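There are 2 protein chains.
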Amino acid sequence: MTDKRWAFEDFVEGLTIPLGQKNVSAEEIIDFASQFDMQPMHLDEEAGRASILGGLSASGWHTVSMFMRLICDHFLLDSTSQGAPGVEYLKWKKPVLADDTIRGEAHVLATRRSGSRPQLGFVTFRNSLYNQRDELVLEFSNTGMFLLRNREVA
Amino acid sequence: MTDKRWAFEDFVEGLTIPLGQKNVSAEEIIDFASQFDMQPMHLDEEAGRASILGGLSASGWHTVSMFMRLICDHFLLDSTSQGAPGVEYLKWKKPVLADDTIRGEAHVLATRRSGSRPQLGFVTFRNSLYNQRDELVLEFSNTGMFLLRNREVA
Chain A
2 MTDKRWAFED FVEGLTIPLG QKNVSAEEII DFASQFDMQP MHLDEEAGRA SILGGLSASG
62 WHTVSMFMRL ICDHFLLDST SQGAPGVEYL KWKKPVLADD TIRGEAHVLA TRRSGSRPQL
122 GFVTFRNSLY NQRDELVLEF SNTGMFLLRN REVA
Chain B
2 MTDKRWAFED FVEGLTIPLG QKNVSAEEII DFASQFDMQP MHLDEEAGRA SILGGLSASG
62 WHTVSMFMRL ICDHFLLDST SQGAPGVEYL KWKKPVLADD TIRGEAHVLA TRRSGSRPQL
122 GFVTFRNSLY NQRDELVLEF SNTGMFLLRN REVA
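Residue numbers (our numbering), protein chains in the order written: chain A, 2 to 155; chain B, 2 to 155.
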């Protein structure tokens, strides 16, 4: 048994988990970009306006990292997660600009028990991030590993 | 024409671009995790040792972000890049632990000219990150858009 809110059995195919929202500041965008992605449109408002992105815009990796934070806050830290081996695909659909408010959703596409480790299951998510106009800005799919709640039966 | 070192024509199929190396400190791992991925094995040495990762280990998104920084430093900032719409796949193969030294490579898998925008081309990379024991820790594939050097001919 586990005292966690989310174990493998709780991720039912078709379930959509709301992940809340977050305002994105210019300071955060510049701070991340200064460390990891120093392209001008991620560091400077004018350079951003001159680019196809249309304004100071978050690095794509910053956008994914903010999504990860939403996942942590809304289920992962209170789950039996055993990590995730990778990402099936990832699409940046629209820029995330300074002062945008982003909102996330994790949708359970499929689940399956592990063949070799009976206490473990795989959950495949389609993760979606929207802006304040409900435009999809990021979509990616990944598969996470979670321990079962009821491991005696396993 | 462009004064950039890297334009579409320079990404020849089969080319491998070395991206240098970087030592990863415990402080950096904890700093990133505190903002974006507060799972215990990314925040605390003892929790890391108790996990399957075997030590204080970088968030997978931190690992990718450090790869992005290597890309920036070694070709992207001196290129005609017009961004990248996404990632085809991404695999975290082994943990990146505190004090590891990582080394990156970008391998050109394929290139093609844009049908609709003659001044633009697509470059598909297989990106690999190794640790100091030459073990593959991260692999992902993505397609970037680059302006041609010789746009008159286009």
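Backbone N, C-alpha and C define an ideal beta-carbon position, used for all residues, glycine too.
Being a predicted model, the structure only gives us computed values, none of them experimental.
Contact check, B:Met67 vs B:Ile103, beta carbons under 9 Å: Mapped onto the second sequence, residue 67 of chain B falls at position 66. Mapped onto the second sequence, residue 103 of chain B falls at position 102. Taking 9 Å as the cut-off, the beta carbon of B:Met67 is found closer than this to the beta carbon of B:Ile103.
Separation of B:Leu20 from B:Ser52, as counted between CA atoms: Start at 1 with the first residue of the second sequence, and residue 52 of chain B comes out as number 51. Start at 1 with the first residue of the second sequence, and residue 20 of chain B comes out as number 19. One C-alpha to the other measures close to 30 Å.
Chain-order list of residues whose beta-carbon lies under 6 Å from that of B:Gly49 (same chain, five-residue window excluded): Here residue 49 of chain B is taken as the residue at index 48 of the second sequence, counted from 1. Non-local C-beta neighbours of B:Gly49 in its own chain, meaning closer than 6 Å and more than five positions away in sequence, comprise Met42, Gly56, Leu57 and Ser58, ordered along the chain.
Beta-ladder partner(s) of B:Met1, from DSSP: Residue 1 of chain B falls outside the range modelled here, since chain B spans only 2 to 155, and no answer is possible.
Check whether B:Glu106 and B:Ser142 have beta carbons under 9 Å apart: Sequence index remark: in the second sequence, residue 106 of chain B carries index 105 (1-based). Sequence index remark: in the second sequence, residue 142 of chain B carries index 141 (1-based). Their beta carbons are not under 9 Å apart, which means B:Glu106 does not touch B:Ser142 by this criterion.
For A:Asp74, the nearest candidate out of B:Asp32, B:Gln40 and B:Asp135 (CA to CA): Mapped onto the first sequence, residue 74 of chain A falls at position 73. Ranking B:Asp32, B:Gln40 and B:Asp135 by Cα distance to A:Asp74 puts B:Gln40 first.
Identity of the residues DSSP links to B:Gln22 by a beta bridge: For the purposes of this step, residue 22 of chain B is taken as the residue at position 21 of the second sequence. Beta-bridge annotation (DSSP): B:Gln22 is paired with B:Arg104.
Those residues which DSSP pairs with A:Ser80 across a bridge: Reading the first sequence from its first residue, position 79 is the one you call residue 80 of chain A. Residue pairing of A:Ser80 in beta bridges, as defined by DSSP: A:Trp7.
Interface flag, A:Asp11 vs chain B, CB-CB below 9 Å: Stepping through the first sequence from its first residue, residue 11 of chain A is reached at position 10. For A:Asp11, no Cβ of chain B is located within less than 9 Å of the residue's own Cβ.
Cβ-based contacts, 8 Å cut-off: residues of the stretch 18-29 of chain A near chain B: Going along the stretch 18-29 of chain A in chain order, one finds no residue with a Cβ nearer than 8 Å to chain B.
Alpha-carbon to alpha-carbon, B:Leu121 and B:Ala155: The residue you call residue 155 of chain B lines up with position 154 of the second sequence. The residue you call residue 121 of chain B lines up with position 120 of the second sequence. Caution is warranted here: a pLDDT of 45 is assigned to B:Ala155, below 50, making its placement in the model unreliable, and the coordinate value is therefore given only provisionally. Taking the straight line joining both Cα atoms gives about 9 Å.
Extent of the continuous alpha helix (DSSP H) run through B:Val88: By one-based count along the second sequence, residue 88 of chain B stands at place 87. Taken as a continuous stretch (DSSP letters only), B:Val88 belongs to no alpha helix (DSSP H), being part of the beta strand (DSSP E) at Gly87 to Trp93.
Closer than 9 Å to chain B by CB, A:Val138: Translated into the one-based positions of the first sequence, residue 138 of chain A becomes position 137. No, A:Val138 does not count as interfacial toward chain B.
Reference B:Thr64; option with closest CA among B:His108, B:Glu10, B:Asp101 and B:Leu16: Translated into positions along the second sequence, residue 64 of chain B becomes position 63. The option with the nearest alpha carbon to B:Thr64 is B:Asp101.
Inter-residue spacing [alpha-carbon to alpha-carbon] between B:Ala99 and B:Asn151: As a working mapping, residue 99 of chain B is identified with position 98 in the second sequence. As a working mapping, residue 151 of chain B is identified with position 150 in the second sequence. Those two C-alpha atoms are separated by around 45 Å.
Three-way DSSP call (helix, strand, coil) for A:Glu14 in this model: For the purposes of this step, residue 14 of chain A is taken as residue 13 along the first sequence, with counting starting at 1. The DSSP-derived three-state label of A:Glu14 is coil.
Stretch pair the stretch 2-18 of chain B + the stretch 107-118 of chain B: three plus CB contacts closer than 8 Å: Under the Cβ criterion (8 Å, minimum of three pairs), the stretch 2-18 of chain B counts as touching the stretch 107-118 of chain B.
First and last residue of the uninterrupted alpha helix (DSSP H) at A:Val97: Counting from one through the first sequence, the residue named residue 97 of chain A turns up at place 96. Where A:Val97 is concerned, there is no enclosing alpha helix (DSSP H), because DSSP gives it neither an H nor an E.
A:Leu110: contacting residues in chain B (beta-carbon distance under 8 Å): Locating residue 110 of chain A in the first sequence gives position 109, where the first residue counts as 1. The premise fails here: A:Leu110 is roughly 16 Å from chain B at the closest Cβ pair, so nothing lies under 8 Å.
Residues from the stretch 65-81 of chain A in contact with chain B, defined by Cβ distance under 8 Å: Listed by position, the residues of the stretch 65-81 of chain A near chain B (Cβ gap below 8 Å) are Val65, Ser66, Met67, Met69, Arg70, Cys73, Leu77 and Leu78.
Extent of the continuous alpha helix (DSSP H) to which B:Gly49 belongs: By one-based count along the second sequence, residue 49 of chain B stands at place 48. Glu46 to Ala51 is the span of the alpha helix (DSSP H), which, as asked, contains B:Gly49.
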